[in-house]
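Okay, so the sequence shown: first residue is 1 according to my numbering, each after it adds one.
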Amino acid sequence: MRNRLRRAVATSSAGVFLLAMGAQATSAQAAPADSHIPSACGDRRPQEADPGSYGMQLDGSFRHPGLTPAGEERHSFPGGARDLFPATKGYDPRSYTEGPVKVEAAYRGPDFTPDYFHTWQNVVDFGGRRYLFQYDRSEARVYDVTDVRKVTIVERLSRSDVDVPYGENPELRDGKDWKAHDYWGASTIQWNARLKAYVMVQSFEQKRQVGELGDAPGRTKFENPEGVARLRATPGLKGFKVYRLDGPRKKDWKLLSTVTTDSTVANPLDSRPESTPQQGSGSLDVPYYIGEKYLFLAAAPRDDWGNTEVPTYLYSAGYQAWDLSDPAKPRKLGEWHRPGQVRGEEAEYRKDPRCGNRTSWMGARMPLFFPKPVEHGGKIAFAALGGFGLSVLDVSDPANMKEISHLSLPMSVGGTEADNVDVSQYERTGMIYVSGYPLGEDCYEPYKDVFQVDVRDPARPRVVGALPRPKPPAGAKFTDYCQRGGSFGPKRTGYYTSPGDPRQGLLPYAFYNAGVQFYDVRDVRRPRVAAQFVPPGYSPAVPDYALGNQTHGIYVEWDRKIVWVFTNDGVYALSSRLLGRPNLEAPRTPFRNSAL
C-alpha cells in the first residue's frame, strides 16, 4: 500500500500524521538490542541526486536519477510539469484516449473517492444484481453496478465521525460504522460450495505509516526505538477474519472466525486478539483463497521477522499457508521466508546491496501468485519479495513450502520493487510479468520496469525483456509522462479476484499519471501498447497533497468486459474491443469463482 503521508495535512481525524519520509536525521542513534531495527550495514542512505544528472534530454526523453532516498516530495526540473501547467499547480488538466478504448461512464467526487491514495475492490452478485465494493480500512463504499451507466451507492462506511486528539489512532475507538479495532481490510471474496455462500477473508495488519510511531515529524523507526516499542505494545488484531456474506451490506456479514498470524500465540483462534498486543505484521494485502481448502497470505508472524530498510515499516513479511476447509476453524499449515529476512540471519542480509540504504521495502507486500490453484493440481507459486527479488516456490505440500529457484532483479531505489506478479499468461507462454511501483513524484527515482520473466523452466527463471515505456498520445503538451505531474509507473493489473477469465495476450496496467495502459503481449518478443486511457491529472476538488497520486488501481470484470479505473478524483468504466464486446447490464451468470 502506498504510504502517502502528506494527506495528514487535512485528515488528522483519520489517524494519519504529518511526517515527511525524506526529513530524516543525518545519522542514526544506536537502538536498544531489543528494538529489532536492522543495523547489519549501518547507515548507507542514498544521497539526494545531483539535479544535473537527470531530467529532460534533447531528444524529448527523460533521464531518471540512478538512486534516490525514500521520499514523496515534488522535485521540479526544467521543462517539467510546473513549467508546462502553472495554472493547475503543475498537473495536466487534460484527459486522453488513444486506441480502441471507450469511456462508458465517469463517476467523480467524494462518494467515489473513499481514499485519495489507495483502495481495494471486490465484486459480488445477489438477487440478479452486481455489487462493487471499494474500500481502504475504515473508508468504504458499496455500489450497485448492475447498470454500468447508472451506478448507485448502496452504502457508505466511514470513521470520520470519530474525533481524536493529534497522535491518537481513531481505529482504537468506537465509531458509528466501526467498533474499536475494526475496519475493512484487504479482502478476497469467493463462493464456497459447501456453505452455498460467499466467504470473505479479510486482512488485518499493522498500519504502515511512520506516524503510527507517535513521535515528532522526521523521526523514523531508526531514530525512535521508544516509538517502535510503543507501537509494538498497541493492541489490535494482526491476522485475518473470515465472514459469510448473505448480502452486499455490512449488516449482511456473519463473522465465522477471528485468527491471529502471531506464531507465538498458542491458539490462533483465541477470542481475545483484538484487545491484546500481538507480534508481527498481520496479514498483508489481498489473501489468496479460491473458496475451497487452502488460504495463503503474506505475513511476518513474529517481531523478529524485521530485516527491512523502509523507514516507515517494522516487518519483513514471508508467507503462511492455512487449511480453510472449515472457515469457522482455520488451521495453520506452514510458513516460509527467504534467508536474511529474520533477525539472526544478518550474514545473508548483508549480501544484498540494499542492506543499510534505509529506503528499500524488503519482503512481501502481496501473497503468493498462483498460475493454477493447488486444489486443482498447481505445484508452483511466485513470491514477489520487494528488494529481495523473485522466488519460485514448490507449494504442492502447503505445509512444507520450498524454494525451487530465486532471481535477483535490477535495483530500482527509491520506490517499491518486486510488488506484483501477473501470472495470467503463464499457462500459454511460460511468461510472468514482475513489477514494483513508484512512490515519488516528477520521476525522482529510477523507472519501474515491468520485467518479462521466462519461467518455462521453474528452476531457471530469467529476465528476457520488459514491457515498453508508455508514450504520450498525439496532441499532448509533453513528450514524456515525467512532465505531466505526479507519479509515473506501473501499479498492478488488478487482482485475481476478478470475475471471469483474463484475456489471453492482454495486460491492462494502472499506471498512475499515465492512466490505464493496455499491453498487447500476444507476441512475447514484441509486446506493445495497444491502447491507453488517461484521466485528467488535475481537479480542483482534490487536495494539493493528493494531486500526484492519480490512477492507482484497476479492477477488471472479465466476464462483462469492463475495466473499472480508480483515481484520486473518482471512478471510470471502460470498454475496449481488446477485451471483447462489453455487457453494460446485469451479468448473464452470477460470479461464483475467480481462480479456476
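Don't be surprised by glycine CBs; every beta carbon is placed ideally from N, CA and C.
Tell whether a beta-carbon distance below 8 Å holds between Gly291 and Asn593. Yes, the pair counts as a contact, with Cβ atoms nearer than the cut-off.
Rounded C-beta distance between Gly500 and Asp520? I'm assuming under 8 Å. That belief does not hold up - the Cβ atoms of Gly500 and Asp520 are roughly 19 Å apart, past 8 Å.
Give a yes or no on whether the C-beta atoms belonging to Pro277 and Arg249 are separated by under 8 Å. no
I'd like to know if the region 346-355 and the region 330-337 are in contact, where contact means that at least 3 CB-CB pairs between them fall below 8 Å. no
Whole angstroms is fine: what's the gap from Leu132's alpha carbon to Lys254's? 19 Å
Leaving out five residues on either side along the sequence, give the residues of the same chain with a beta carbon under 8 Å from the beta carbon of Pro367. Non-local beta-carbon contacts of Pro367 in its own chain, meaning distances under 8 Å to residues more than five positions away in sequence, involve Leu284, Asp285, Val286, Pro287, Tyr288, Phe296, Leu297, Ala298, Tyr319 in chain order.
Please report the residue range of the alpha helix (DSSP H) in which Glu346 lies. Taken as a continuous stretch (DSSP letters only), the alpha helix (DSSP H) holding Glu346 covers 346-349.
Member of Pro311, Phe451, Gly185 whose CA lies at the smallest distance from the CA of Val524: Phe451
Does the beta-carbon distance from Phe478 to Gly99 come in below 8 Å? no
Report yes if the C-beta of Leu157 is less than 7 Å from at least one heavy atom of the ligand FMN; otherwise report no. As presented, the structure is devoid of all ligands, the ligand FMN included, so that no description of it is given.
Taking the straight line between their C-alpha atoms, what separation do you get for Thr416 and Arg577? 32 Å
Does the region 553-572 come within contact of the region 118-135, defined as at least 3 CB pairs closer than 8 Å? As far as the Cβ criterion goes, the region 553-572 touches the region 118-135, which means the pair count is three or higher.
Along the chain, where does the beta strand (DSSP E) that runs through Pro225 open and close? It is not in any beta strand (DSSP E) - Pro225 instead sits in the alpha helix (DSSP H) that spans 225-232.
Nearest CA to the CA of Ala586: which residue from Met362, Gly79, Arg149? Arg149
Skipping 5 residues on each side, what residues in its chain have a beta carbon closer than 6 Å to that of His75? Asp442, Tyr444
Whole-angstrom C-beta distance between Lys179 and Asp161, which should lie under 8 Å: With 8 Å as the limit, Asp161 and Lys179 do not qualify as a contact, their Cβ atoms being about 13 Å apart.
Entirely enclosed alpha helix (DSSP H) segments - the region 265-309, minimum 4 residues: none
Tell me which same chain residues have a C-beta within less than 7 Å of the C-beta of Pro607, skipping the five on either side of it? There is simply no residue 607 to check, as the chain begins at 1 and stops at 596 in what is shown.
Would Thr220 be called buried (16 or more neighbouring beta carbons within 10 Å of its own) or exposed? buried
Could you have a look at Val115 and say whether DSSP puts it in helix, strand or coil? The amino acid at residue 115 is misidentified as Val; the sequence shows Asp. If DSSP states are grouped into helix, strand and coil, Asp115 belongs with coil.
Closest by CA to Pro339, which one among Gly239, Val199, Ser316? Ser316
Burial state of Arg141, where buried means 16 or more other Cβ atoms lie within 10 Å: buried
Closest to His406 by CA distance: which of Tyr437, Val453, Lys561 is it? Ranking Tyr437, Val453, Lys561 by Cα distance to His406 puts Val453 first.
So, helix, strand or coil for Val374, using DSSP? helix
Pick from Ser539, Pro536, Asn568: whose alpha carbon is nearest that of Asn549? Asn568
Could you check whether Phe388 and Val423 sit closer than 8 Å to each other, using their CB atoms as the reference points? At the C-beta level, Val423 and Phe388 stay beyond 8 Å of one another.
Alpha carbon to alpha carbon, how far is Pro458 from Arg428? Between Pro458 and Arg428, the C-alpha separation is close to 15 Å.
What is the residue span of the alpha helix (DSSP H) that Thr429 lies within? Membership of Thr429 in the alpha helix (DSSP H) is indicated by the continuous run 426-429.
Bridge partners - Val593, DSSP secondary structure assignment: Note that residue 593 is Asn in the sequence shown, not Val. Answer is none; Asn593 lacks a bridge partner.
With a 10 Å radius around its C-beta and 16 neighbouring C-beta atoms as the bar for buried, classify Leu256 as buried or exposed. buried
Specify, as a first and last residue, the run of the alpha helix (DSSP H) that Ala81 falls within. 81-84
Assuming Asn513 and Gly485 make a contact with CB atoms under 8 Å, what is their CB distance in whole Å? Your pair Asn513 and Gly485 checks out as a contact, with CB atoms roughly 7 Å apart and the cut at 8 Å.
Provide the residue span of the beta strand (DSSP E) that contains Lys452, from first to last. Note that residue 452 is Gln in the sequence shown here, rather than Lys. Here the beta strand (DSSP E) through Gln452 covers 450-454.
Span of the beta strand (DSSP E), counted from its first residue to its last, around Pro508: In the DSSP assignment, Pro508 falls within the beta strand (DSSP E) that extends over 506-510.
So, for Gln279: in the same chain, excluding its five sequence neighbours on each side, which residues have a beta-carbon less than 6 Å away from its beta-carbon? Asp262, Thr264, Arg302, Asp303
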